[in-house]
Structure formats: C-alpha cells, structure tokens
DNA sequence: TGGTTATTTGGCAAAATAACCATATATTTT
DNA sequence: AAAATATATGGTTATTTTGCCAAATAACCA
C-alpha cells in the first residue's frame with residue numbers, strides 16, 4: 256500500500272488534533288487541565304495558585320474550551336470548568352516518559 | 256489535603272511536559288510523528304507529502320527532536336527520524352475523542 | 001576533483017500568541 | 001437600587017513562531 260498525501264478531510268482532522276495538543280502545550284493550561292482531573296473547579300480556585308492576571312487566566316481557559324478540552328458551567332457568581340474527555344490526562348505519563356528519556360540521556364552524557 | 260502552589264521542581268516538570276505537547280501541537284509535526292509510528296523514515300520520505308519548503312520541514316523535525324519526541328540518525332546521504340517513545344502516538348485516540356465530542360455537540364445543535 | 005543530492009542553518013518578514021490594563025457583564029448582597 | 005464579587009472581553013505591546021529564500025554542509029558519484 257502506497258502512502259497517500261493527506262486529503263482535505265484528513266487534513267482537517269490532523270489540524271483539529273494538533274489544536275487540542277497545542278491547547279495543552281502551555282504550562283498554565285496544562286496545569287489547569289491536570290487540576291481538573293480530580294473534579295471540576297471554579298476559576299477562582301484555579302486562579303489561587305497561578306501568578307497571572309485574572310484576564311490572562313480567563314483567556315487560557317477559553318483556549319482550552321474552544322479546543323474541546325474543557326466545558327464550563329455558570330453557577331451563581333462562579334463559573335466551573337471540568338474536563339470533557341478525562342482520558343486526555345491519562346496520556347500524560349507517556350509525555351513524562353519522553354522527558355525521562357531525554358533526562359536520562361543527558362545524565363548519561365555527564366557520566 | 257490542601258492543594259499547594261506548584262514548587263519550582265513541579266514547575267519545571269510541567270514546562271517540560273507542555274513543551275512536548277506543544278511540539279506535537281502543529282499539524283505538520285503531528286502528521287510527521289504519526290507517520291513515524293510505523294517505523295523510521297528519512298526526511299525525503301516525509302517531505303514527499305508535505306507542501307512546504309525543505310528548510311521548513313527540517314525545522315519542524317528539529318522542534319520534535321529538541322522536545323525529545325524523535326531521534327535522528329544519518330545513514331549515507333539521508334537522515335532517518337524515528338519516534339523515541341512510541342506511546343506518544345498511542346495516545347492520540349483520546350485526542351480524537353475530544354474532537355468527536357465537539358463535533359457531536361455541533362451536530363446536535365443543528366438537529 | 002568537481003558535481004550532485006539530501007539536509008541543515010541563518011536571516012528576515014508576516015502571523016500568531018501571551019500578558020497586561022482597563023472596561024464590560026452578570027450575579028449576588030446590602 | 002447601589003455596591004461588591006466573579007469572570008470575560010477589547011485593546012495594546014512584546015515575544016515567539018512560522019515559513020520562505022539563499023547559502024552552508026555532508027556524503028556520494030562521475
């Protein structure tokens with residue numbers, strides 16, 4: 256079977272997937288997503304540990320939302336965010352494996 | 256157990272993880288990584304289906320490499336790239352699930 | 001050796017992103 | 001109704017990323 260150039264449907268899928276990964280590809284957003292792994296949190300709870308303007312935090316959450324990673328619900332004065340597809344967090348051990356491999360290599364160079 | 260602000264070690268780990276996800280968070284790079292899932296390929300094989308300058312492709316590969324996602328090996332005139340930690344691709348079904356969920360919601364809105 | 005092929009590097013302009021401030025909106029409290 | 005709280009939005013600026021071109025490097029071939 257010969258490989259084919261991606262058609263436009265495949266391209267759209269790749270773009271959508273890349274968009275999800277890109278949304279998670281920022282320290283603040285990744286941290287937020289990890290926090291949501293054990294249940295929904297309101298913006299204020301997340302903000303408590305992030306050293307950034309509230310508007311910045313709000314925009315990061317908007318990025319995660321538009322990528323489809325989280326959904327939000329307003330209850331009273333607060334807005335709660337939660338993971339839409341929790342498995343997204345289960346992937347992270349493999350991401351850590353990538354890092355560990357790199358670290359191990361660097362250590363090997365020193366030894 | 257009260258949640259704690261991330262300490263500097265945790266911050267470094269989060270940053271490293273985000274960096275891996277960011278590297279995969281570009282359509283061209285994600286596509287390349289997926290191609291490598293069934294074995295190493297040389298740059299020219301990857302380039303065959305990508306509509307971009309060779310220098311652009313080379314730079315994308317460099318991003319994947321510095322993130323620790325791929326490694327390269329020069330053999331003769333060619334440079335072969337392969338995944339360093341293949342599980343990085345196994346995760347993608349969950350990323351697709353994120354997209355499917357979003358698509359399904361949009362369809363529901365139309366119905 | 002000189003030419004050719006495969007890939008990388010450096011430089012640059014355009015586009016995208018991130019963070020801040022100020023302001024707007026929605027909800028609750030007084 | 002006014003004040004206060006929680007969050008979002010608009011505007012701006014600095015930084016980063018992307019992608020192209022031209023040139024450099026490396027390996028092979030004639």
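Residue numbers (our numbering), protein chains in the order written: chain A, 256 to 366; chain B, 256 to 366.
Here a beta-carbon is modelled for each residue, glycine too, at the ideal position from N, C-alpha and C.
Residue of 354/A, 362/A and 366/A minimising C-alpha distance to residue 267/B: Here residue 267/B refers to the residue found at position 12 when the second chain is read from its first residue. The option with the nearest alpha carbon to residue 267/B is 354/A.
Proximal chain A residues relative to residue 312/B, where beta-carbon distance stays under 8 Å: Working through the second chain from its first residue, we reach residue 312/B at position 57. Chain A residues near residue 312/B: none, gap ~14 Å exceeds 8 Å.
Residues of the stretch 292-305 of chain B whose Cβ lies closer than 7 Å to any Cβ of chain A, in chain order: 304
Close Cβ partners of residue 301/B (< 7 Å) along its chain, the five nearest in sequence each way excluded: Working through the second chain from its first residue, we reach residue 301/B at position 46. 287, 290 and 312, listed in sequence order.
Continuous beta strand (DSSP E) stretch holding residue 351/A: start and end: Working through the first chain from its first residue, we reach residue 351/A at position 96. Residue 351/A -> not in any beta strand (DSSP E); alpha helix (DSSP H) instead, spanning 347-365.
Under 8 Å between C-beta atoms of residue 295/A and residue 346/A: In the first chain, counting from the first residue as 1, residue 295/A sits at position 40. In the first chain, counting from the first residue as 1, residue 346/A sits at position 91. Cβ distance not < 8 Å, so residue 295/A and residue 346/A don't count as in contact.
Under 8 Å between C-beta atoms of residue 277/A and residue 332/B: Taking the first chain and counting its residues from 1, the one referred to as residue 277/A is at position 22. Taking the second chain and counting its residues from 1, the one referred to as residue 332/B is at position 77. Going by C-beta atoms, residue 277/A is not nearer than 8 Å to residue 332/B.
CB contact check: residue 328/B to chain A, cutoff 8 Å: Along the second chain, one-based indexing puts residue 328/B at 73. For residue 328/B, the answer is no, since every Cβ of chain A falls outside 8 Å of its Cβ.
Span separating the alpha-carbon of residue 318/A from that of residue 307/A: Looking up residue 318/A in the first chain gives position 63. Looking up residue 307/A in the first chain gives position 52. The straight-line gap from Cα to Cα measures roughly 16 Å.
Other residues of its chain near residue 342/B: CB distance less than 6 Å, five sequence neighbours each side excluded: Numbered from its first residue, the second chain carries residue 342/B at position 87. Same-chain partners within the cutoff: there are none.
Runs of beta strand (DSSP E) wholly within the stretch 305-342 of chain B (minimum 3 residues, chain order): 325-330 and 333-338
Residue 300/A: first and last residue of the uninterrupted alpha helix (DSSP H) it sits in: Residue mapping note: residue 300/A aligns to position 45 of the first chain, counting from 1. Note, residue 300/A: alpha helix (DSSP H), 298-302.
Local Cβ density within 10 Å of residue 357/B, reported as buried at 16 or more and exposed below that: In the second chain, counting from the first residue as 1, residue 357/B sits at position 102. Around the beta carbon of residue 357/B, 16 or more other beta carbons lie within 10 angstroms, which makes this residue buried.
Interfacial residues, the stretch 318-349 of chain B to chain A, with Cβ spacing under 8 Å: 322, 323, 324, 339, 340, 342, 343, 345, 346, 347 and 349
Within-8 Å CB hit, residue 316/A to chain B: In the first chain, counting from the first residue as 1, residue 316/A sits at position 61. So, not an interface residue.
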